[in-house]
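A.B. asks: What follows is a structure written as structure tokens; I'll ask about it next.
Number of protein chains: 2
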Amino acid sequence: MTDRLTDAERETDLAPLLDKGWAMDPRGDAIKRTFVFDDFVHAFGFMARVALVAEKMNHHPEWTNVYATVEVRLTTHDAGGLTMQDIVLARRMEVLA
Amino acid sequence: MTDRLTDAERETDLAPLLDKGWAMDPRGDAIKRTFVFDDFVHAFGFMARVALVAEKMNHHPEWTNVYATVEVRLTTHDAGGLTMQDIVLARRMEVLA
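For the protein sequence lines, the chains are S and D, in the order given.
Residue numbers for the first sequence follow the UniProt record's numbering, beginning at 1 and rising by one.
Residue numbers for the second sequence follow the UniProt record's numbering, beginning at 1 and rising by one.
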């Protein structure tokens, strides 16, 4: 979970996320996605649900909230890039959004 | 509450916040502050408390969270700059932090 993604994992696990609205971050080996909700209550509700998951995983997003919008960036600092932890958290976000 | 701060209000209401760790945002008539907590639980706990206050005020922060750090930017888009709503929300954040 804490090693950088292999080429094979990038094909099998990362590529499907990139097809579903996630994008590589030009600033490094990280993925980003912008979630847009109806209003602040829904945006922050999403953040609260993700926060509980993230804390349980001990793997936390970098994220910015402006009213109904939540911009998320995922990477694994200890590994210097994307790991399966990022993949798992991104998948959980997809379900929670 | 929704008019731009007057010069007098900037002296009496804004200046004390600037003395307490808030700073003017070089990108416009807005104030910023970075809050640093012990860990993610404390950082997100702060955000959850502020979120309830913000929703009740119908005045929301722009904010970024990276683990234990929360960067906040306050301005009033409808007014094109700082209003008493920003002052009130900043003061509430001081109490909640």
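Here a beta-carbon is modelled for each residue, glycine too, at the ideal position from N, C-alpha and C.
Tell me which same chain residues have a C-beta within less than 6 Å of the C-beta of G81 (chain D), skipping the five on either side of it?
C.D. replies: R4 and D29
A.B. asks: Can you tell me where the alpha helix (DSSP H) holding R91 (chain S) begins and where it ends?
C.D. replies: M84 to L96
A.B. asks: Give the DSSP bridge partners of G80 (chain S), in chain order.
C.D. replies: Beta-bridge pairing by DSSP links G80 (chain S) to no other residue.
A.B. asks: Please identify, using Cβ separations under 8 Å, the residues of the segment 37 to 56 of chain D that lie next to chain S, in order along the chain.
C.D. replies: Look at the segment 37 to 56 of chain D: the residues with a C-beta under 8 Å from a C-beta of chain S are F40, V41, F44, M47, A48, A51, A54 and E55.
A.B. asks: If you scan the segment 19 to 62 of chain D from start to end, which runs of the beta strand (DSSP E) of 3 or more residues do you find wholly inside it?
C.D. replies: 31 to 36
A.B. asks: Would H60 (chain S) pass as an interface residue toward chain D - the criterion being a Cβ-Cβ separation below 8 Å?
C.D. replies: It does; some Cβ of chain D falls within 8 Å.
A.B. asks: Determine the extent of the beta strand (DSSP E) in which L5 (chain D) is found, giving its start and end residues.
C.D. replies: For L5 (chain D), there is no enclosing beta strand (DSSP E), as DSSP marks it with neither H nor E.
A.B. asks: Distance check for D19 (chain D) and T83 (chain S), CA to CA, integer angstroms please.
C.D. replies: 42 Å
A.B. asks: Could you name the residues of chain D that V70 (chain S) contacts, counting a contact when the two beta carbons are closer than 7 Å?
C.D. replies: Correct list: empty, because the minimum Cβ distance to chain D is about 10 Å.
A.B. asks: If I follow the unbroken beta strand (DSSP E) through L74 (chain D), where does it start and stop?
C.D. replies: T69 to L74
A.B. asks: Identify which residue in D:G45, D:A90, D:F44 and D:A51 has its Cα closest to the Cα of A15 (chain D).
C.D. replies: D:A90
A.B. asks: Are the C-beta atoms of W22 (chain D) and some chain S residue less than 8 Å apart?
C.D. replies: no
A.B. asks: Among D:L96, D:T76 and D:V95, whose alpha-carbon lies nearest the alpha-carbon of I31 (chain D)?
C.D. replies: Considering only alpha carbons, the answer is D:T76.
A.B. asks: State the beta-bridge partners of T12 (chain D) as determined by DSSP.
C.D. replies: DSSP, once it has assigned bridges, lists no residue as partnering T12 (chain D).
A.B. asks: With a threshold of 8 Å between beta carbons, is V66 (chain S) in contact with chain D?
C.D. replies: yes
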